[in-house]
Amino acid sequence: MPTSIIQIVGFKNTGKTTLTAALVKQLAEAGCRVGTVKHDGHDFDIDHPGTDTWQHREAGAHKIAITSPHRTAIMEQRPTPLNELLQQFREMDWVIVEGFKQERYPKIVLIRKEEDEALVMQLEQVVAVASWYPVSFDGLPVFTVEDSAGMAAWIREERGKGAFVLEEPT
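Count along the sequence shown from 1, add 53, and you get the number used in my numbering.
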């Protein structure tokens with residue numbers, strides 16, 4: 054079966070990371086291989102002063118790889134478009150993308166307060182809502198934020214019907 058993709062989107066402090074981790078756990082426990090991609094609207098650093106890779110970057114390296122018997126990381130001095138990142142996840146059953154609201158992949162929108170509800174109509178490819186309070190949207194399944202088991206079961210069922218397929222690049 055091809056790789057499937059779902060985005061978890063919402064405003065700051067709505068629970069995106071918590072929901073992403075819960076869905077990863079549910080899908081992994083069901084035997085799925087899951088990868089994640091997270092958007093950070095700010096700058097971040099994986100390197101720390103004094104480490105070997107930090108020294109490489111400080112010396113001017115634009116791309117750095119580090120590998121060990123259990124992990125590999127590649128760091129680049131540039132932003133990477135989501136569609137380019139996703140090509141690294143083709144061997145996964147699922148890719149869960151946290152953030153990247155404006156991308157055109159299927160989305161679960163998190164709603165924490167009433168003003169967040171506008172996102173459901175503003176964004177493309179909204180397929181479900183996860184809310185902190187009772188709410189309804191015509192034609193969309195609505196889950197409570199705590200119902201990661203229900204969401205995982207629903208996305209697995211929809212995947213079985215051919216939904217959420219990560220298309221090959223053109």
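Beta carbons: idealized from backbone N, C-alpha and C, even for Gly.
Given the structure is predicted, the values throughout are model-derived calculations rather than measurements.
If residue i sits next to residue j, beta carbons under 8 Å apart, how far is it from one beta carbon to the other, in whole angstroms?
| i | j | result |
| --- | --- | --- |
| A83 | R209 | 7 Å |
| E151 | T73 | 5 Å |
| A216 | P159 | 7 Å |
Buried or exposed for residue i, going by 16 or more other Cβ atoms inside 10 Å?
| i | result |
| --- | --- |
| E156 | buried |
| G103 | exposed |
| A112 | exposed |
| Q108 | exposed |
| M204 | buried |
| Q141 | exposed |
| T120 | exposed |
| K214 | exposed |
| K69 | buried |
| F192 | Here residue 192 turns out to be Gly, not Phe, going by the sequence shown. So G192 counts as exposed. |
Closest by CA to residue i, which one among the options?
| i | options | result |
| --- | --- | --- |
| V62 | H92, V77 and G88 | H92 |
| G147 | N66, Q79 and T67 | Reading off the sequence shown, one finds Trp at residue 147, where the question assumed Gly. Selected option, being the one with the closest Cα: Q79. |
| N66 | T106, L135 and S184 | S184 |
| Y199 | F190, E170, A75 and Q60 | The sequence as given places Glu at residue 199; Tyr does not occur at that position. When only C-alpha atoms are compared, the closest one is A75. |
| F64 | R124, V180 and A171 | A171 |
| V182 | E144, M174 and L163 | L163 |
| T227 | F153, P194, M145 and R143 | Outside the shown range of the chain (54 to 223) lies residue 227, about which nothing can therefore be said. |
Output the boundary residues of the beta strand (DSSP E) element that contains residue i.
| i | result |
| --- | --- |
| T89 | V87 to K91 |
| K160 | K160 to I164 |
| E129 | T125 to E129 |
| F52 | An answer regarding residue 52 cannot be provided, because it is not within the stretch 54 to 223 covered by the chain. |
Is the beta carbon of residue i within less than 7 Å of some heavy atom of the ligand HEM?
| i | result |
| --- | --- |
| E211 | By its list of ligands, the structure shown contains no ligand whatsoever, and the ligand HEM lies outside what it can speak to. |
Under 6 Å Cβ to Cβ from residue i, same chain only, skipping five residues before and after it: list those, please.
| i | result |
| --- | --- |
| I127 | A118 |
| L138 | V90 |
| F196 | A183, G203 and M204 |
Got a sec, what are the start and stop residues for the alpha helix (DSSP H) residue i sits in?
| i | result |
| --- | --- |
| W207 | S201 to G213 |
| W107 | D105 to A112 |
| Q79 | K69 to E82 |
| V182 | Premise fails: V182 lies in the beta strand (DSSP E), V179 to S184, not in any alpha helix (DSSP H). |
| Q155 | Careful: Q155 lies outside any alpha helix (DSSP H) and carries neither H nor E. |
| V173 | A171 to Q175 |
Once the 5 residues before and after residue i are set aside, which same chain residues still bring their CB inside 8 Å of it?
| i | result |
| --- | --- |
| R131 | H115 |
Using a Cβ-Cβ cutoff of less than 7 Å, which residues in the same chain neighbour residue i once the five nearest sequence positions on both sides are dropped?
| i | result |
| --- | --- |
| I99 | A126 and M128 |
| P55 | V218 and L219 |
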